[in-house]
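Chain order of the listed sequences is A and B. If you read the first sequence in my numbering, its first letter stands for residue 7, the second for the next number, and so on. If you read the second sequence in my numbering, its first letter stands for residue 7, the second for the next number, and so on. Each residue gets a CB set at the ideal place from its N, CA and C atoms; glycine is no exception. The structure displayed is predicted, hence computed values, not measured ones. Comments concern the structure below.
Number of protein chains: 2
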Amino acid sequence: MNPPAAPPQSDDLEVRIPADHPGVTDLFAVLAYGEISAFYRLAEEAELSPTLRGKVAAAKMAAAEMEHFRTLEQALAGRGVDVFDAMAPFVDALDDYHTSTDPSTWLESMVKFYVGDGIAADFYTVLAVALAPEVSSVVRDVLAETSHSEFVVEEVRSAVEVSRSERDRLTLWGRRLLGEAITQAQFVMAQRDELTELVLGATGDLNGIAALFDHMQTRHTERMRVLGLA
Amino acid sequence: MNPPAAPPQSDDLEVRIPADHPGVTDLFAVLAYGEISAFYRLAEEAELSPTLRGKVAAAKMAAAEMEHFRTLEQALAGRGVDVFDAMAPFVDALDDYHTSTDPSTWLESMVKFYVGDGIAADFYTVLAVALAPEVSSVVRDVLAETSHSEFVVEEVRSAVEVSRSERDRLTLWGRRLLGEAITQAQFVMAQRDELTELVLGATGDLNGIAALFDHMQTRHTERMRVLGLA
């Protein structure tokens, strides 16, 4: 496998987004609601797991999302912002993403967790490079890789090795997840001027945003390969 | 309000149950499955919350259960026992408890969380006194009071202050929870000789067990009063 593509502007260490940029509150807020909705989705989808071991793995992943939520809640409090007020504008878009990508099997749920987490991490990691250190450290904290993804990789790989139809189905599923995630990300940005300005500022310009989405596509393909979904 | 009644044998600091007592594995296992089932119940019942604030409070409580699960998983691993093997005998009894006390409202769910947690804590705290220090420290760790109960007390108190019928309904609900918890606890013990021996050893004799259940009843009444449910 090729090494992961470098984020578009990773060689550029200049801080382009100061800590008091109004988009930072939006950034923390959308991340915070992302953690909450991931928590509830994981807890709900664990019902699909055929084993108690799978249910417990999902519960651990869900609990890790809540640790991240606390970090963001504190970071927002430090800016004098109530997390619930800040999250309100993002509830519909994230709920829509989850409704439009509702897994019908345990494997779909695991692929969604792994792939969705990865897409989000790619997007925010690229932004983090341009953020003031005290902001970027919060973003990196909540995106930190956990050991849980190993569980997902094993579950999915072993299932698709023995079933070609499962592999084809999950490959399509992964493609749909990327499409829906990008649609909703664009929708969120279109609604929130401060966040759009932050993303534009962090990526440089509209070409930078296009490069960011290309980068996410490349990384997505690599992740699918790790899951055995070529 | 009166100070809480002292546990029946709190003045007796003698270790009656050595760390290698075979019931200790059962004790850790029933606690571990208790955390898992509480996690999923909280996550599921959060759907009943009328506010995002309530949903997030429930998610935080659920995440705390998973931290306790990890502690127990490690303690069992330290004894060379796989947590899933050890939990298997307790799955049905705990699932039955939750099925027989399925809340139909958010307030019932909050009362169940507060009261159920309290009943379990009373039971295990009395046992902990007689356990070897390395075992009792694990038990105390996973029963440690969290700040989440404040949220529950506020939610329930403010609701029952304005509605007498709600207060009457929740008072009956609390009584039913205690009854079901004691029924299931006795059922679990009857099935597991090692655990029965541990509880008998920790409380002294059958009179000690009767005193333990009396103590749980007294503490339950105090907790109901804290919730405004006299």
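Neighbourhood of residue i by C-beta distance below 6 Å, restricted to the same chain and skipping five residues each side
{"i": "A/Ala12", "result": "Reliability fails at A/Ala12, whose pLDDT of 49 lies under 50, so the model's placement of it is uncertain and the value that follows must be treated cautiously. Excluding sequence neighbours, A/Ala12 sits near nothing in its chain."}
{"i": "B/Glu161", "result": "Met116"}
{"i": "A/Tyr130", "result": "Val145 and Leu149"}
{"i": "A/Glu200", "result": "Pro28, Gly29 and Asp32"}
{"i": "A/Glu114", "result": "Trp179"}
{"i": "A/Ala65", "result": "none"}
{"i": "B/Ala52", "result": "Lys61 and Ala64"}
{"i": "B/Thr202", "result": "Met195"}
{"i": "B/Ala136", "result": "Arg22, Ile23 and Ala208"}
{"i": "B/Gly210", "result": "none"}
{"i": "A/Ala236", "result": "none"}
{"i": "A/Arg198", "result": "Asp32"}
N- and C-terminal bounds of the alpha helix (DSSP H) containing residue i
{"i": "B/Leu37", "result": "Gly29 to Glu51"}
{"i": "A/Ala150", "result": "From DSSP, A/Ala150 is part of no alpha helix (DSSP H); its letter is neither H nor E."}
{"i": "A/Ala70", "result": "Leu58 to Gly84"}
{"i": "A/Gly180", "result": "Arg170 to Gln197"}
{"i": "B/Ser106", "result": "Val97 to Ser106"}
{"i": "B/Thr224", "result": "Leu212 to Val232"}
{"i": "A/Thr131", "result": "Trp112 to Ala136"}
{"i": "B/Ala25", "result": "Counting along the chain, B/Ala25 falls outside any alpha helix (DSSP H), and DSSP gives it neither H nor E."}
{"i": "B/Asp91", "result": "Val89 to Met93"}
Listed by chain order, chain A residues near residue i by CB distance under 9 Å
{"i": "B/Lys66", "result": "Met72, Phe75 and Arg76"}
{"i": "B/Ile42", "result": "Leu58, Lys61, Val62 and Ala65"}
Close beta carbons around residue i, own chain, < 8 Å, minus the five adjacent residues each side
{"i": "B/Leu184", "result": "Val121, Ile125, Met222, Gln223 and His226"}
{"i": "B/Pro139", "result": "Val21"}
{"i": "B/Leu206", "result": "Leu212, Gly214 and Ile215"}
{"i": "B/Thr111", "result": "Leu54"}
{"i": "A/Asn8", "result": "With a pLDDT of only 43 at A/Asn8, under the threshold of 50, the placement of this residue in the model should not be trusted, and no figure is reported."}
{"i": "B/Asp147", "result": "His74 and Thr77"}
Interface partners of residue i on chain A, CB under 8 Å
{"i": "B/Arg59", "result": "Phe90"}
{"i": "B/Phe34", "result": "Ordered by position in chain A, no residue passes the 8 Å Cβ test against B/Phe34, which lies about 15 Å from the chain."}
Chain-order list of residues whose beta-carbon lies under 7 Å from that of residue i (same chain, five-residue window excluded)
{"i": "A/Asp101", "result": "Ser43"}
{"i": "B/Val158", "result": "Met116, Phe119 and Tyr120"}
{"i": "A/Gln80", "result": "none"}
{"i": "B/Pro10", "result": "Note that B/Pro10 scores 48 on pLDDT, short of 50, meaning its location in the model is unreliable; the coordinates nonetheless yield the value given after this. Cβ within range, chain order: Arg225 and Glu228."}
{"i": "A/Val232", "result": "Val159"}
{"i": "A/Ala99", "result": "Gln190, Phe193 and Val194"}
{"i": "A/Val87", "result": "Thr31"}
{"i": "A/Arg47", "result": "His104"}
{"i": "B/Gly40", "result": "Leu100 and Ala126"}
{"i": "B/Ala165", "result": "Leu113 and Glu172"}
{"i": "A/Arg85", "result": "Thr31"}
{"i": "B/Asp220", "result": "none"}
Nearest-angstrom beta carbon gap, residue j and residue i [assumed within contact, 8 Å]
{"i": "A/Leu78", "j": "A/Val132", "result": "The Cβ separation is near 19 Å, so there is no contact."}
{"i": "B/Val141", "j": "B/Ala49", "result": "Wrong, their Cβ atoms sit about 29 Å apart, outside the cutoff."}
{"i": "A/His154", "j": "A/Met67", "result": "5 Å"}
{"i": "A/Gly234", "j": "A/Glu156", "result": "So it is not a contact: roughly 14 Å between Cβ atoms."}
{"i": "B/Phe96", "j": "B/Met72", "result": "At roughly 17 Å, the Cβ-Cβ gap does not stay under 8 Å, so B/Phe96 and B/Met72 are not in contact."}
{"i": "B/Leu204", "j": "B/Ile23", "result": "6 Å"}
{"i": "B/Thr107", "j": "B/Arg182", "result": "7 Å"}
Chain B residues whose Cβ lies nearer than 8 Å to that of residue i
{"i": "A/Tyr46", "result": "Ala49, Ala52, Lys61 and Ala65"}
{"i": "A/Ala138", "result": "By Cβ distance, chain B contributes nothing, its closest Cβ being about 27 Å from A/Ala138, past 8 Å."}
{"i": "A/Ala191", "result": "Simply none; closest approach about 22 Å."}
{"i": "A/Ala83", "result": "Correct list: empty, because the minimum Cβ distance to chain B is about 14 Å."}
{"i": "A/Ala126", "result": "Result: empty, since nearest Cβ-Cβ is about 18 Å, beyond 8 Å."}
{"i": "A/Ala208", "result": "The contacting residues do not exist; A/Ala208 stays about 28 Å from chain B at best."}
{"i": "A/Ala187", "result": "Result: empty, since nearest Cβ-Cβ is about 22 Å, beyond 8 Å."}
{"i": "A/Asp25", "result": "Here the sequence assigns Ala to residue 25 of chain A, which means Asp is not the residue at that position. Neighbours of A/Ala25 on chain B: none; closest Cβ ~25 Å, over 8 Å."}
Chain B residues whose Cβ lies nearer than 7 Å to that of residue i
{"i": "A/Ala99", "result": "Near A/Ala99 there are no residues of chain B at all, since even the closest Cβ is about 15 Å away, more than 7 Å."}
Chain-ordered neighbours of residue i on chain A, where CB pairs are closer than 7 Å
{"i": "B/Ala150", "result": "Simply none; closest approach about 16 Å."}
{"i": "B/Ala134", "result": "Those do not exist, as B/Ala134 stays about 24 Å from chain A at its closest Cβ, beyond 7 Å."}
beta-carbon residue i near the ligand MG non-hydrogen atom, thresh 7 Å
{"i": "A/His104", "result": "Ligands are entirely absent from the displayed structure, and the ligand MG is therefore not among its contents."}
Partner residues on chain B for residue i, Cβ-Cβ distance less than 9 Å
{"i": "A/Ala216", "result": "Chain B residues near A/Ala216: none, gap ~34 Å exceeds 9 Å."}
Quiz item: For the segment 26 to 37 of chain A against the segment 88 to 100 of chain A, are there 3 or more C-beta pairs whose distance is under 8 Å?
Solution: Yes: at least three Cβ pairs fall under 8 Å.
Quiz item: Should the segment 169 to 178 of chain B be called in touch with the segment 56 to 76 of chain B, which here means at least 3 C-beta pairs below 8 Å?
Solution: Below 8 Å, too few C-beta pairs join the segment 169 to 178 of chain B and the segment 56 to 76 of chain B to call them touching: fewer than three.
Quiz item: Are three or more beta carbon pairs between the segment 175 to 191 of chain A and the segment 120 to 129 of chain A nearer than 8 Å?
Solution: Touching, per the Cβ criterion.
Quiz item: Taking contact to mean at least 3 C-beta pairs separated by less than 8 Å, is the segment 19 to 28 of chain B in contact with the segment 190 to 209 of chain A?
Solution: No contact exists between the segment 19 to 28 of chain B and the segment 190 to 209 of chain A.
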